[in-house]
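Enquirer:
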Amino acid sequence: MEDGSVSPASTLLAPVSLQSSITAQDRGAVNAPQVVGCHISGPVSITTETHIHTTAEPRQPTLCEASDTAPNIILSVSKKLKSNLRQKHETIFEGIAKRGNPTVFREIYTELYVTLGETEGVNSEHEVWQIDPAFKTPPEQDMPINCNDIFKPFKQQRLVENNKEKKTKDNERECKIRTVLTKGIAGIGKTVSLQKFILDWAEEKANQDIDLLFVLPFRELNSIIGEKFSLHELLLDFHPELKEFKDVKFYENCKTIFIFDGLDESKLKFDFENKRVSSISKSASLNELMTNIIKGNLLPSALVWITSRPAAIDIIPPNLIHRVTEVRGFTDLQKEEYFKKRISDQTLANRIISHVRDVRSLEIMCHIPVFCWIIATVLEEMLIGGRERIPSSLTEMYTRFLLIQTNEKKKKYSGRTETDLLRLSSADVEIILKLGELAFHKLQESNIVFSEDDLKDYGIDITEASVRSGVFTEIIREEDPMFSVKKYSFVHLSFQEYLAAFFVFYKFTVEGIDAMQSNQKKHAEDYIFRFSGSDYDDGSNNYDFPPRNLTLHYFQKNAIHNTMKSRSGHLDLFLRFLLGLSMESNLRLLKSIPLKVKNPQENIHQTMQYIKYMLRENDDRKTPSSERCINLFHCLLELDDHSMVEEIRRFLTIEKQTEDRLTAAQCSTLAYIILMSKEVLEELDLNKYNTSEEGRRRLLTAVRKCRRALMADCGLTTQCCKTVASALQDPDASLRELDLSRNLLTMDQESLLPGLNSPYCRLENLNISYINLEKSGASILRAVLMGPHPQPHKLKLYACHIKDDCAEILLSAFQSSECQLKELDISYNCLTKKGMALVLQGLQSPSCFLEILRMSSSEISVESCTYLASALKHSFLRELILNSCSIGDVGVKRLCPGLISPHCQLQTLELRQCNLSCKACVYLSVILDTYSVVKTLNLRDNDLQDSGVQLLATGLKNPNCVLQKLGLSGCFISEKGCCSLASALSSNPSSCLRDLDLSYNHPGVVGRKLLSDLLDDPCYKLKTLRLDHDGKSRLTTGLWKYYQELSISGMASSNNIILSEDRKGLLRCPEPEYMYNQPYKTSERVRWQVTYCLEKLTDGRFYWEVQWSGFVSIGLKEDFSGKTLKFVCHSLQYAAIHEENMRIKTLYTVVDPDSSPGPKRFGVYLDYPEGTLSFYSISSHDMKHLYTFHTTFNKPVNPMIHLPNPHVVDGLSSIIIVTQSPDSVQHTEAQLFQQLELERYDNELSLYSTVWDDSS
């Protein structure tokens, strides 16, 4: 007796010690401490003796003690189960039923692509769309998994902020997998994957820790729904091998797996709230048994594997599923492997592979294994026969397959070889039509599985049909031949659709019946129905009703309309087959059937024109969904019409928007063409196409097949963001540059995170400017800069309202050893001085290689200027933009050491509107006078005055000065300052200055002449000189140099609106008391009264101030464009609203307004050429920036004012335009209140008159 290897069954019993090693010869005797797990040969007598202490309580015998043969019973059952399963699964019926020629499974089996997780998308769509890469959303991360590893645990790791940080054990937890749900479309290979798993177990090649494997297809369970049994009885019915289990406790000591195939075919109600069943021997309904197995109440240690088509996966609550996998069918390499295994002639196999690659529609369908079988069957027959023209349409492919299989069966069952391969006997046609009728009616019911009774209802005799025609065994398969209860389905859903289309086309051409009508017995000349597309001119009479003799065109038109009604697209392939059957090439193939069509070419042409008419529909509300549009596009291809392809391809070559308009349907088609192309599109600019917002959203799906995607200001939605995120998660995507700026994505930003966090994200340039990231900025920035992927090179966050939490992330990114950022724009954000200090500290990191930094309108402290100066000494910065940062003279002083450093590489410095004076020019002159490499210096809108310019002139005289462009626009410069500049430049003929901007100053006659002479003199390099918008008014401090006189239009006056005599003030007074009871006035109480100013503003800079109280709105309206910029003012809140074409493009709330009592004063600054409108809060000692709109102006703009109904807020609402006169506001106020008193007097008099008239 020797200790042997322990069987899987024994490992599940109570643990025993296997430390002894005892042997005995013949006729010998030994004292063995155990017998479990021992190897015994020959007859042996075993005597057991148990010693129990007299004081101990008697214990119950264990299972082993009760029956020392328990492990052997489990082992015996397991072996029998494996033997039976091996016999049933070692062959595969490739698309055919039992009577066909089976193939050895391992000879033909090709590994399928199975992944962890699932793709996103609508499960209700036709399954053809779910394999089409143009419509399939890739998962967050493809993780292939071998079917034999389906229950192996994996480590679920939590992502940490720094993806380089090592994960600790606390961040890992091992997930035990009990229930697995595998989804996949029909024919994709779910059952084949199960068969591989079962066969590997039965042949003892994998998963040998499993003792018992039970296969329970849902279609088999459907036949016993009304019965009650215990779980043991149910399993015994399916697996008679279990009759050796005399005690149900055996189950508890076995490792068991249940396989439930075809959840989508189950007729169970699956009530997961029903009563609990935990006993294996207790009788219960099938629904109760199934739900308790899945919930883990019955045999909680058992594993459960469920397969389903996508439409049914929601039947089981997600919390009961521990792992979801998806069978994706064949990858491109697996397709090729299948063809090479299936076809012995490798030259022939390679030709078929090449053809499939060339025809995109066939390549997509070949993800489905059963379609590869069809392709191999058809093309092998054609190429062996010497036919060079290979079919490219689905209809011809299926028609040829039908003919090939029919002739093959004739050879097999009748021994007759048909000389004419296109000849079908009357019996062949009869069975095809019966199958077609079955297919059509079941398709209308969305039914793909049917019983033997269903076949009999359509006059189909299974045996006779199989032997006589052969079509039956090839096209229809007996579901799961392992069991006696027979259910049938077509080998694939597409075959059901083809035969259904064949039947409907036959009924029309031969019998004159449109089977798609509800009354199928009604002849075509006897019924009349209305077409919704009666406005279509197809070249014939414009009938609201079709002619009494129905033509092919009207028959096809009716089929198109019926198909378009389906939201799921379950008739899409049916329609393609139905239209394709009318083609002459297919009619020739079916010459044995009298399919007669009058004027086929004329009717087909009308149908093609009608489909094009639908694709050119301009009304988005009438446009079908993208999937339906693409199906219409495929219908044209089935009709051999490629003109629409060429028409739409033309739009790919345009460089700018044209008058030719793309409809939403055409956009769907264009996106599909891009996605199906083998070449990657260099640039996808949605604004280049003249189309609607819906059209742009449909074009956006092509983002996965382009390198640069420009989607600024396209009205993107949540679904659009998910599409973009999907592209970023695609391992094969080429997207490197993405512009999402100017989209109102307040609630949709989180949808981008899966893509930005994906390890497959390879963005180099990202622009998300003008998007409010106030709430989600940190999470988005962390994903972009700290995600598990390379950092981008360019990042634009202009006007995103990010806060200090984003500054911390920027600091970490700069300090990261993998920092790749070269360009950063964080202008017009909400970073405090502390936050900006963090960003500028990051510039000093040796890992930071930033070259361009834009920080306009940022709060930069003097200390931060020191950090920046230190960074300039060692950094790679070439461009630094600090416009509107108010760093002042002291800030420039702190920057100076860095700028004059010999290691400083800065070439562009912009300090526009930074509160600089002539003192700052002392340091700027030093910079110009040294070996600085600064070539562009912009000092616009700083009151440098003549003294400051004279200091700059000294720097320009230095021969070492390399400055090429100098901006001094609006710098309070008079004739004297301009003469200084002219003198400096004339004294230095080697000066590099090429561009000088002195607009919005007062150069005077002499200054203008001296500078103009330099421009005209070829001895100097000056090429551009701007002296426009000059005059004495420009010699004013601050923005008042741009002062614009405004007057309110007289048309603004209306009921309850008072306009001052000087047209500078508006006041909305209360309505008379008696009007409150008038019901027709209630709707007007919340309306705004809009008033405009007389002036039209264009091509310049304009500034004005207003004093307001109550509730008002100040803004601009562009002529003829519908563009309005409004800044809504209330004592509790300010709001900025940008509207264009009835759509809000920007909405931002300033949550910290001035809460002090009394009227407020605002400054409004319009820079028309730059497209900015800025608002400032004015106090006696300060000017605080509130908000800046950024847009593009193309037409003159009108300043406008909104005053609300006075009952919206307490008190009056008023607004006064401030002039340069010191007492202008008081003067206008006096006029308004004087008129207000007169208005009240008139109202009281009117009310008195009304009361007097009533009393009379």
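The opening residue of the sequence shown carries number 1250 in the numbering used here; numbering runs sequentially from there. C-beta: ideal position from N, C-alpha, C; glycine also.
Sort out for me which residues DSSP pairs Leu2315 with in a bridge.
Expert: Bridge partners of Leu2315: Leu2308 and Ile2464.
Enquirer: Under a Cβ-count criterion, where at least 16 other Cβ atoms within 10 Å of its own Cβ denotes burial, should Asn1568 be classed as buried or exposed?
Expert: It counts as exposed.
Enquirer: How about His1221 and Gly2349: do their beta carbons lie closer than 8 Å?
Expert: Missing from the structure shown is residue 1221; the chain here goes from 1250 to 2505 and no further.
Enquirer: For Glu1908, I'd like the list of residues in its chain whose CB is within less than 8 Å of its CB, leaving aside the five on either flank, ordered along the chain.
Expert: Answer for Glu1908: Asn1939, listed in chain order.
Enquirer: With the cut-off set at 8 Å, would you say His1741 and Phe1620 are in Cβ contact?
Expert: Yes, they are a contact pair.
Enquirer: Determine which residues share a DSSP beta bridge with Tyr2383 and list them.
Expert: Answer by DSSP bridge pairing, in chain order: Cys2378 and Val2399.
Enquirer: So, helix, strand or coil for Phe1934, using DSSP?
Expert: In the sequence as displayed, the identity of residue 1934 is Asp instead of Phe. Looking at Asp1934 - three-state DSSP - the assignment turns out to be strand.
Enquirer: Among all the DSSP beta bridges, which residues are the ones paired with Ser2423?
Expert: Its beta-bridge partners are Tyr2414 and Thr2437.
Enquirer: In the DSSP assignment, find the beta strand (DSSP E) that holds Asn2016 and state where it starts and stops.
Expert: Run containing Asn2016: Asn2014 to Asn2016, per the beta strand (DSSP E) assignment.
Enquirer: Could you check whether the region 1837–1844 touches the region 1877–1886, counting it as contact only if at least three pairs of C-beta atoms, one from each stretch, sit closer than 8 Å?
Expert: In short, these stretches do not touch, since the Cβ pair count stays below three.
Enquirer: What residues are listed by DSSP as bridge partners for Leu2186?
Expert: Paired residue(s): Leu2158 and Leu2215.
Enquirer: Secondary structure at Pro1393, three-state DSSP: helix, strand or coil?
Expert: Looking at Pro1393 - three-state DSSP - the assignment turns out to be strand.
Enquirer: Within this structure, are the beta carbons of Asn1936 and Ala1958 separated by less than 8 Å?
Expert: Against a cut-off of 8 Å, the Cβ pair of Ala1958 and Asn1936 comes out as no contact.
Enquirer: Using a threshold of 8 Å, state whether the C-beta atoms of Val1952 and Leu1993 are closer than that.
Expert: No; because the gap between Cβ atoms is not below 8 Å, this pair is not in contact.
Enquirer: With a cut-off of 8 Å on the beta carbons, I'd call Gln2382 and Thr2398 a contact; round off their distance for me.
Expert: About 6 Å separates the two Cβ atoms, so the contact holds.
Enquirer: Report buried or exposed for Gln2199, applying the criterion of at least 16 other Cβ atoms within 10 angstroms of its Cβ.
Expert: Classification for Gln2199: buried.
Enquirer: Beta-carbon within less than 7 Å of Lys1971's beta-carbon, same chain only, minus the 5 sequence neighbours each way: which residues are those?
Expert: Same-chain partners within the cutoff: Ser2000.
Enquirer: Please return the same chain residues whose Cβ sits closer than 7 Å to the Cβ of Glu1514, not counting the five positions on each side in sequence.
Expert: Within the same chain, Glu1514 has close Cβ partners Phe1467, Arg1468 and Val1698.
Enquirer: Three or more C-beta pairs closer than 8 Å, one from the region 2255–2268 and one from the region 2305–2312: is that the case here?
Expert: Counting Cβ pairs under 8 Å, fewer than three are found: no touch.
Enquirer: Taking the alpha carbon of Asn2132 as the point to measure from, which residue in Ile2386, Thr2115, Asn2164 and His2251 has its own alpha carbon closest?
Expert: The option with the nearest alpha carbon to Asn2132 is Asn2164.
Enquirer: Using the C-alpha atoms, what's the distance from Val2088 back to Thr2115?
Expert: Those two C-alpha atoms are separated by around 13 Å.
Enquirer: If you reduce the DSSP assignment to three classes, tell me which class Tyr1737 lands in.
Expert: Here Tyr1737 sits in strand by DSSP.
Enquirer: Check for me: the beta strand (DSSP E) holding Gly1475 runs from which residue to which?
Expert: Unbroken run through Gly1475: none, as it is neither H nor E.
Enquirer: Under 7 Å Cβ to Cβ from Lys1531, same chain only, skipping five residues before and after it: list those, please.
Expert: Counting only Cβ-Cβ distances below 7 Å, and skipping sequence neighbours, we find Ser1479.
Enquirer: Where do the N-terminal and C-terminal ends of the beta strand (DSSP E) with Leu1462 fall, by residue?
Expert: Unbroken beta strand (DSSP E) run through Leu1462: Leu1461 to Val1464.
Enquirer: Which stretch, first to last residue, makes up the beta strand (DSSP E) that contains Asn2447?
Expert: Looking at the DSSP string, the run of the beta strand (DSSP E) that includes Asn2447 is Val2446 to Pro2453.
Enquirer: Mind checking who Ser2066 pairs with in its DSSP beta bridge?
Expert: Answer by DSSP bridge pairing: none, since Ser2066 is not bridged.
Enquirer: Once DSSP output is grouped into helix, strand and coil, what is the label at Tyr1500?
Expert: It is helical.
Enquirer: If you draw a straight line from the alpha carbon of Phe2438 to that of Leu2022, how long is it in whole angstroms?
Expert: So the two alpha carbons sit approximately 16 Å from each other.
Enquirer: Hey, which unbroken runs of the alpha helix (DSSP H) at 4 residues or more fall wholly within the region 1431–1459?
Expert: 1439–1451, all fully within the region 1431–1459.
Enquirer: To the nearest angstrom, how far is the alpha carbon of Cys2049 from that of Ile2020?
Expert: Cα to Cα, Cys2049 sits roughly 5 Å from Ile2020.
Enquirer: Apart from the five residues just before and just after Tyr1647, which ones in its own chain have a Cβ nearer than 6 Å to its Cβ?
Expert: Same-chain partners within the cutoff: Tyr1747.
Enquirer: Where Leu2080 and Ile2051 are concerned, what is the direct C-alpha to C-alpha distance, given to the nearest angstrom?
Expert: Cα-Cα distance, rounded: 7 Å.
Enquirer: Assuming Asp2262 is part of the alpha helix (DSSP H), what are its boundary residues?
Expert: First-last of the alpha helix (DSSP H) with Asp2262: Gly2253 to Asp2265.
Enquirer: Does DSSP classify Gly2280 as helix, strand or coil?
Expert: Three-state DSSP puts Gly2280 in coil, outside helix and strand.
Enquirer: I'd like the list of long-range same chain contacts for Thr1995, defined as Cβ closer than 6 Å, with 5 residues on each side in sequence excluded.
Expert: Closer than 6 Å at Cβ, skipping near neighbours: Asn2021.
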